[in-house]
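Undergrad: Count along the sequence shown from 1, then add 23; that gives the number in our numbering. One structure coming up, written as structure tokens, with questions to follow.
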Amino acid sequence: MTALDIFAGVDIGGTGVKVGIVTSKGSVVAREQENYHPDKHEPQDVVDLAVSMLHKVLKTVSIFCIDELWVAYVANKKFTIKVTCLRLEDLDAIGVGCPGVLKAGGVIHAAASFPSWTDVPLQQLLTDKVGRSVTVGNDADAAILAEQWVGAAKGQVKDFIMLSFSIVANGQLVRGGSNAIEGGHMIVERNGRQCGCSQRGCLEAYTSASALKSQAQEHLRAGRKSSLSRYFEADINAELIFKHAAEGDELCKHVIHEVCVSMSFRTRSCRLLGFCLRYFLPNAGSRGDEVVMACMLMPWRLIKEIIVLSGGIAEAGETYIKQIRLAYAKHSWTTFPNPVRIEKAGAGYDSGIIGAVAVCKPQRDALANSCM
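Here it is in structure tokens:
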């Protein structure tokens, strides 16, 4: 273990890479971000970009080194204080979060964000390129670990779930047999909608912020009237759809309604869009109530303390989070002495970087303890 107690986190996303330097308290002191070149999404391209950015961010962090030379007197000894850039060897550990199904040894079996990747030994590729050990984890696992470390679940929370589909039970991350729950890629509709992972009928294709976006785009291509028509198709996202629905746009309300119904009848588990249905469609009547009621089941079975909302839907605004809490309270069984809290993810913009460090920190701590 170095004396600095500082880490590097690498967040590999679908469109680019973020790299940051993180303290042992979970604070990011420096960061760099860069998108992929349109033609460079192959494993070695991503590895080269990530390592290049790691070296770049190291140069932005200065550390103070004290040598026993001449210049200043401290405790009757002669010292000189040198300012130098952070080096790879100064890092306690390097963690990486990457989307996809993760096999033992940091091998990415498959990833929706990288369709050409099959059994990519990402951890070994990064370790070879960097020249020291690197730990790779699933990005959804990294996100929930960031919430446990510095975010909405920081403190005494032992049992919580993060949408979409990451679970901590009794303080421990639940990884499943493939080292990642990947609940979004459960097939819920035979020969259903195309998902980015190349499968058809995945839960994510019906119930995510991406589903809102894709369905809105399909309706616009078919000629449906909407205030979204003034935007470029690529600029349409979940936040924009929520905004225009709140302003009365019928197409946006319809798309939200369809996603909510899909979620309630296909999963009987996730809650978020069901509550949004009640917000935008207050006259939905018994069907809207049924959606909310059906979406109450999973917390009682899986968690005790907190539901953390993340992603584009949660980022749409605190107004929606408040409505979710109200609807949840209205339809929850109040016999429980400690009702489940619903919170927006709190790790912020750097959650991927912080989570990547959280992935590698347990291994580093275990190694340090074994050497004591």
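Ideal Cβ positions, reconstructed from N, Cα and C, are used throughout, including at glycine.
(1) State buried or exposed for CYS108, treating a residue as buried only when at least 16 other CB atoms are found within 10 Å of its CB.
(2) What does the alpha-carbon distance come out to for the pair LEU300 and ALA269?
(3) What residues match up with VAL157 in a beta bridge as DSSP calls it?
(4) Going by Cα to Cα distance, which pick from ILE377, GLU281 and VAL70 is closest to ALA53?
(5) Buried or exposed, going by whether 16 or more other CB atoms sit within 10 Å of the CB of TYR372?
(6) Please state whether DSSP places GLY207 in a helix, a strand or coil.
(7) Does the Cβ of ILE46 have 16 or more other Cβ atoms within 10 Å, making it buried, or fewer, making it exposed?
(8) Just the C-alpha distance for GLN146 and GLY128, rounded to the nearest angstrom, thanks.
(9) Could you pull out every residue in the same chain whose Cβ sits closer than 7 Å to the Cβ of ARG216, ignoring the five residues on either side in sequence?
(10) Which word fits PRO122, buried or exposed, when buried means at least 16 other C-beta atoms lie within 10 angstroms of its C-beta?
(11) Helix, strand or coil for GLU57 per DSSP?
(12) Rounded to the nearest angstrom, what separates LEU274 and LEU111 at their Cα positions?
(13) I want to know whether the segment 139 to 157 touches the segment 178 to 185 - three or more CB-CB distances under 8 Å.
(14) Look at the alpha carbon of PHE30 and the alpha carbon of GLY36, and state the distance between them as a whole number of angstroms.
(15) Anyone know if the C-beta pair for LEU251 and VAL382 falls short of 8 Å?
(16) Is the beta carbon of LEU22 sitting closer than 8 Å to the one on GLY160?
(17) Going by the beta-carbon positions, is the gap between ILE44 and VAL74 smaller than 8 Å?
(18) Could you have a look at ILE259 and say whether DSSP puts it in helix, strand or coil?
(19) Just verifying my parser: in three-state terms, what is the DSSP assignment at GLN141?
(20) Bridge partners for GLU366 per DSSP, in chain order?
(21) Could you check what DSSP says for ASP34 in three-state terms: helix, strand or coil?
TA: According to the data block:
(1) Under this definition CYS108 is an exposed residue.
(2) Any reading at LEU300 must be qualified, since the residue scores a pLDDT of 37, below 50, and its modelled position is unreliable; the value itself is stated next. Roughly 11 Å separates the two Cα atoms.
(3) BP columns for VAL157 are empty, so no partner.
(4) Among ILE377, GLU281 and VAL70, the Cα nearest to that of ALA53 belongs to ILE377.
(5) Answer is exposed; the Cβ neighbour count stays below 16.
(6) Note: GLY207 maps to helix in three-state DSSP.
(7) A small fix is needed here, since residue 46 is Thr in this sequence, not Ile. It is exposed - the Cβ of THR46 has fewer than 16 other Cβ atoms within 10 Å.
(8) Each residue's Cα considered, the two are about 7 Å apart.
(9) Within the same chain, ARG216 has close Cβ partners ARG223, GLY224, ALA228 and TYR229.
(10) PRO122 should be labelled buried.
(11) In the structure shown, GLU57 falls within a strand segment according to DSSP collapsed to helix, strand and coil.
(12) In this structure, the alpha-carbon of LEU274 lies about 52 Å from that of LEU111.
(13) The segment 139 to 157 vs the segment 178 to 185: no contact.
(14) A direct Cα-Cα distance of roughly 19 Å separates PHE30 from GLY36.
(15) In this structure, the beta-carbon distance from LEU251 to VAL382 does not fall below 8 Å.
(16) Within the shown structure, residues of the chain are numbered from 24 to 395, placing residue 22 beyond reach of any answer.
(17) Contact: no.
(18) DSSP places ILE259 in coil when its eight states are reduced to three.
(19) What sits at residue 141 in the sequence shown is Thr, not Gln. Residue state, collapsed to three classes: coil.
(20) Paired residue(s): VAL331.
(21) Three-state DSSP puts ASP34 in a strand.
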